[in-house]
Amino acid sequence: MAMATEKSTPAHSAAINKVWYLKHINIFAGFDEAEIRLFEPYLVHRHFEPKEMIFLPGDQGDKVYFLKEGLVKLARISQGGKEVTLAILERGEIFGEHAFLDQMVRETYAQAMTKVLVCIARQRDFQKFVERKPALGIRVSQTINDRARDLEHQLEDLVFRDVPGRLASLILRLADKHGTDKHPEGELIDIRLTHQEIASLIGSTRESASINVSRLRDGGLIAIDKHRFVITNRGGLEAMLDEF
């Protein structure tokens, strides 16, 4: 696994840009610019290339990350050596948020799926800011709870659904979070996924993922556009979930 490296963004990423980006981070919604500017001095901009590691298992969990642009995959390696994808994050989300609770060594890794821009804060600096803005702490706690609930849903899929059902569930969950209606054939999920990445998300082999993607496409439930899912029959996918 590649070493996690960090690169500074160009000089034009000045303080005003940090504030602008923070205003578009979900947990800062509703905060005025003056409040956000108090936090700005504690932030560092970083740029990551596609597939570059942002942090690795074994890294100290002493930083919080604010995703400004791009997509990030959170994953871990199972005892059997298989990658298990836990979440795909988009602009506006935070990650590494468990540093808010403790600074234990990380068990997961974060990897850029596209070109990524993040703001990074040290845990102790973020903690001080949260103490001044309790509403922010509540939002971080809600984020942690939401992630835990998403993982529960994934676990339920693994236990109670077969691979076709898990794939249908994944597509619908991705659509709820990342879907747009800007495609002539249906609802576009604007994330490019390889069959190996799909397999990692549903707990299957790449071959099984490929076969079941083809079956959904041939059955008229989805289309594929440049490695992106397009839902052409949402009702059909939802009916697959009702079978279990």
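Under the numbering used here, think of the first position of the sequence shown as 113, with each following residue one higher. Where a beta carbon is used, it is the ideal one built from N, C-alpha and C, also for glycine. From a predicted model like this one, the values you see are computed outputs, not experimental measurements.
Selected residue, minimal CA-CA separation from residue i, among the options
i, options, result
"Arg278", "Glu202, Asp144, His265 and Asp337", "His265"
"Phe238", "Leu328, Gly348, Glu350 and Ile139", "Ile139"
"Phe272", "Glu309, Arg203, Met352 and Arg346", "Met352"
"Asp302", "Ile323, Leu267 and Phe341", "Phe341"
"Val176", "Lys163, Arg329 and His157", "His157"
"Ile256", "Thr226, Leu282, Glu205 and Lys163", "Glu205"
"Glu299", "Leu286, Gln308 and Gly173", "Leu286"
"Tyr133", "Gly192, Cys231 and Gly170", "Cys231"
"Ile137", "Phe207, Lys163 and Ser320", "Phe207"
"Arg149", "Pro162, Phe160 and Lys135", "Lys135"
"Leu229", "Leu155, Asp330 and Leu282", "Leu155"
"Pro162", "Asn324, Asp330 and Arg304", "Arg304"
"Arg329", "Met216, Arg318 and Thr344", "Thr344"
"Ile166", "Gly193, Val131, Thr226 and Ala141", "Thr226"
For residue i, three-class secondary structure by DSSP
i, result
"Asp258", "helix"
"Asp293", "strand"
"Gly298", "strand"
"Ile310", "helix"
"Lys194", "coil"
"Glu350", "helix"
"Arg218", "coil"
"Lys227", "coil"
"Ala141", "coil"
"Lys163", "coil"
"Asp337", "strand"
"Lys175", "strand"
"Arg236", "helix"
"Leu263", "helix"
"Arg149", "helix"
"Leu201", "strand"
"Arg304", "coil"
"Arg273", "coil"
"Lys360", "With the chain covering 113 to 356 only, the question about residue 360 has no answer from this structure."
"Leu183", "coil"
"Leu168", "coil"
With 16 other Cβ atoms within 10 Å as the buried cut-off, status of residue i
i, result
"Ser190", "exposed"
"Pro153", "exposed"
"Gln235", "buried"
"Asp288", "exposed"
"Ile108", "No answer is possible for residue 108: it lies beyond the span of the chain, which begins at 113 and ends at 356."
"Asp144", "exposed"
"Ser316", "buried"
"Thr197", "buried"
"Met115", "The predicted position of Met115 is uncertain, since its pLDDT is 49 and thus under 50; a value taken from the coordinates is nonetheless stated next. Its Cβ having fewer than 16 others within 10 Å, Met115 is exposed."
"Ala146", "exposed"
"Pro276", "buried"
"Asp269", "buried"
"Glu243", "exposed"
"Ser326", "exposed"
"His124", "Bear in mind that a pLDDT of 43 at His124, under 50, signals an unreliable position, so the number given afterwards is only what the model happens to contain. Flag for His124 reads exposed."
"Lys119", "Since pLDDT at Lys119 reaches only 49, below the 50 mark, its modelled position is unreliable, and the value read off the structure follows with that caveat. Exposed, because fewer than 16 other Cβ atoms sit within 10 Å of the Cβ of Lys119."
"Lys240", "exposed"
"Ala55", "The question about residue 55 has no answer here: the residues shown for the chain are numbered 113 through 356."
Inter-residue CB distance, residue i and residue j (contact presumed, cutoff 8 Å)
i, j, result
"Leu179", "Ile200", "The Cβ separation is near 11 Å, so there is no contact."
"Ala280", "Leu349", "5 Å"
"Ser322", "Glu195", "Not really, about 16 Å apart at Cβ, beyond 8 Å."
"Glu202", "His290", "6 Å"
"Gly173", "His210", "6 Å"
"Ser267", "Ile314", "Residue identity differs from the one stated: residue 267 is Leu in this sequence, not Ser. Incorrect: roughly 12 Å between the Cβ atoms, too far for contact."
Closer than 8 Å: residue i CB and nearest the ligand FAD heavy atom
i, result
"Gly347", "This structure lacks the ligand FAD; in fact it carries no ligand of any kind."
Count the C-beta pairs between the segment 335–342 and the segment 279–296 that are closer than 8 Å, then say yes if the count reaches three, no if not.
Yes, the segment 335–342 touches the segment 279–296.
I want to know whether the segment 251–270 touches the segment 219–237 - three or more CB-CB distances under 8 Å.
These segments do not touch.
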